[in-house]
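The sequence shown begins at 1 in my numbering and counts up one residue at a time. Virtual Cβ for every residue (Gly too), placed ideally from N, Cα, C.
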Amino acid sequence: MIEIKDLTKIYKLSNKKKAELKTKDSEKVAVDGVSLEAHPGEIYGLLGPNGAGKTTTLRCVATLLKPTKGEISVCGFDTVKEGKQVRDKICFLTNEIKLDPHFSASYMFDFFGGLHGIDNETLSKRKEDFFKRFDIMDFKDKKIEDLSTGMKQKAAIAVSLVHDPEVIIFDEPTNGLDIITARVVTDFLRELRDSGKTIIVSTHIMSEAQKLCDRIGMIIDGRKVAEGTLSELLAEESAEDLEDAFFKVYKRVKGEDKIS
Ligand SMILES: Nc1ncnc2c1ncn2[C@@H]1O[C@H](COP(=O)(O)OP(=O)(O)OP(=O)(O)O)[C@@H](O)[C@H]1O
Ligand SMILES: [Mg+2]
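Following this line, the structure appears as structure tokens:
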């Protein structure tokens, strides 16, 4: 279970970042009062355009960033005061977190399994299960740097799940993957959901959110602007599909004149 209460994250901007964002402001409000809950047996999708605040929100949940305001609890533990307990319960994957390219997937799996104190028998059973499922058995002893993008991502996902975490936090898990590899990943997420895990993913791919997520929170400019199951969102916006619903919400939030 993840509970986010009134999360606000404000970044102080360095001169370099100011130039990058083309602003004179010394702060950037990346997340602005977001509250949400994700439950066991559920895939919650954070859906939003570039810069909406998805990664920042997930980093706060994963204890990598401290909220400026608000509170987050994961399995009942506070992400700031009980970070260690939270980290034991979660896995976190983003595009920026990469496996060491000089080692093999098999070596990394064993290494992180060791860090988590997983016994050898469980570790080797789990490795075989995950690697077979992800079709990386034949590549398990190759250096990560020699693997394709899809293989690297599948290896990273397998390694992130080595400790069988209760809560899975994946930032754009299918980014850059072809449809077959993406399907392997989303099918596995559904299986994990069905086994009672709490899953939160971010995406800007409407079709993926529509098919994968049990509930969706739309975020724009750091604010949660809509939330519900697919059918609730479609009914609320009188929309045909999620993309249609998203554009209706987006227009309302940004003002009709900004996009047309
Ligand atoms: N370390 C940082 N310092 C300053 N500003 C930041 C930092 N990280 C992110 N931001 C800004 O905060 C806002 C939210 O960024 P975030 O990465 O959370 O968005 P996102 O929804 O994940 O976007 P994307 O779809 O591009 O991954 C953006 O305007 C971004 O430029
Ligand atoms: Mg992001």
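Chain C within 8 Å of residue i, Cβ atoms only
i, result
"residue 230", "This model lacks chain C altogether, as it is built from one protein chain only."
Heavy atom of ligand 2 within 7 Å of residue i beta-carbon
i, result
"residue 224", "no"
"residue 55", "yes"
"residue 221", "no"
"residue 171", "yes"
"residue 231", "no"
"residue 202", "yes"
Per-residue burial, residue i [other beta carbons within 10 Å of its own, 16 or more giving buried]
i, result
"residue 163", "buried"
"residue 171", "buried"
"residue 254", "exposed"
"residue 245", "buried"
"residue 46", "buried"
"residue 113", "buried"
"residue 101", "exposed"
"residue 226", "buried"
"residue 59", "buried"
"residue 127", "buried"
Cβ-Cβ separation, residue j to residue i (assumed contact under 8 Å), whole Å
i, j, result
"residue 157", "residue 74", "Contact flag wrong, Cβ pair sits at about 19 Å."
"residue 223", "residue 32", "5 Å"
"residue 228", "residue 44", "Not confirmed; about 11 Å, so no contact."
"residue 198", "residue 166", "6 Å"
"residue 68", "residue 94", "Contact doesn't hold; Cβ gap of about 20 Å is too wide."
"residue 57", "residue 29", "With 8 Å as the limit, residue 57 and residue 29 do not qualify as a contact, their Cβ atoms being about 13 Å apart."
"residue 155", "residue 144", "6 Å"
"residue 72", "residue 4", "5 Å"
"residue 261", "residue 12", "There is simply no residue 261 to check, as the chain begins at 1 and stops at 260 in what is shown."
"residue 242", "residue 209", "6 Å"
beta-carbon residue i near ligand 1 non-hydrogen atom, thresh 7 Å
i, result
"residue 70", "no"
"residue 30", "yes"
"residue 254", "no"
"residue 50", "yes"
"residue 21", "yes"
"residue 13", "yes"
"residue 16", "no"
CA nearest to the CA of residue i, picked from the options
i, options, result
"residue 80", "89, 64 and 90", "64"
"residue 134", "78, 225, 93 and 187", "187"
"residue 193", "146, 142 and 39", "39"
"residue 250", "11, 48 and 183", "48"
"residue 97", "225, 160 and 106", "160"
"residue 51", "240, 202, 214 and 154", "202"
"residue 14", "142, 22 and 148", "22"
"residue 140", "105, 152 and 123", "105"
"residue 180", "151, 206, 195 and 131", "151"
"residue 177", "191, 41 and 149", "149"
"residue 215", "12, 36 and 146", "36"
"residue 53", "8, 111, 115 and 84", "8"
"residue 220", "212, 248, 230 and 211", "248"
"residue 185", "118, 78 and 130", "130"
Beta-bridge pairing of residue i - partner residues as DSSP gives them
i, result
"residue 77", "74"
"residue 346", "Given that the chain is displayed from residue 1 to residue 260, the structure contains no residue 346 and the question cannot be resolved."
"residue 92", "169"
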